[in-house]
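In the working numbering, the protein residues as written are 7 to 130.
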């Protein structure tokens with residue numbers, strides 16, 4: 007309406023912000039749980055189908071900063087030289103949907119990443 011003033015209510019604004027923040031936190035928790043479930047499935051498949059010795063979760067999903075823009079970061083130890091990394095990655099990406107997936111091989115990883123994953127990674 008013409009000439010009608012809109013009053014800003016700080017109490018109402020704070021309550022709206024709190025509800026939105028709570029809803030976002032709940033949605034992100036659901037995403038974290040779904041991504042973690044997929045990471046566990048992928049780790050089991052890497053071990054069973056490709057003979058990988060150990061798989062660690064690292065990055066935002068492991069260290070508590072996971073959000074809707076995050077990916078699943080896995081660190082594989084003992085990936086056989088005879089196995090095709092790219093075929094394995096493609097197969098595992100299908101299991102990760104809708105999350106992007108990154109699998110780093112311990113044997114080719116940068117030493118600083120290898121050390122951090124050994125210290126702080128989550129075994130799957």
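Backbone N, C-alpha and C fix where the C-beta goes; we use that ideal spot for every residue, glycine too.
What span of residues does the alpha helix (DSSP H) with residue i cover, start to end?
{"i": "residue 123", "result": "117-126"}
{"i": "residue 101", "result": "91-102"}
Reducing DSSP to helix, strand and coil, say where residue i ends up.
{"i": "residue 131", "result": "Past the edges of the chain, shown from 7 to 130, lies residue 131, and the structure says nothing about it."}
{"i": "residue 61", "result": "strand"}
Evaluate residue i with the Cβ neighbour count: other Cβ atoms within 10 Å of its Cβ, from every protein chain shown; 16 or more gives buried, anything less gives exposed.
{"i": "residue 127", "result": "buried"}
{"i": "residue 14", "result": "exposed"}
{"i": "residue 49", "result": "buried"}
Would residue i and residue j qualify as a contact pair, given that the criterion is a beta-carbon distance under 8 Å?
{"i": "residue 44", "j": "residue 102", "result": "yes"}
{"i": "residue 52", "j": "residue 58", "result": "yes"}
List the whole-angstrom C-beta distance separating residue i from residue j, where the pair is believed to meet the contact cut-off of C-beta under 8 Å.
{"i": "residue 107", "j": "residue 62", "result": "Rounded, the Cβ-Cβ distance is 14 Å, inconsistent with contact."}
{"i": "residue 56", "j": "residue 94", "result": "5 Å"}
{"i": "residue 119", "j": "residue 109", "result": "Wrong, their Cβ atoms sit about 13 Å apart, outside the cutoff."}
{"i": "residue 70", "j": "residue 79", "result": "Wrong, their Cβ atoms sit about 13 Å apart, outside the cutoff."}
{"i": "residue 72", "j": "residue 113", "result": "About 27 Å separates the two Cβ atoms, so there is no contact after all."}
{"i": "residue 74", "j": "residue 37", "result": "6 Å"}
Under DSSP, the beta strand (DSSP E) around residue i begins and ends at which residues?
{"i": "residue 82", "result": "78-83"}
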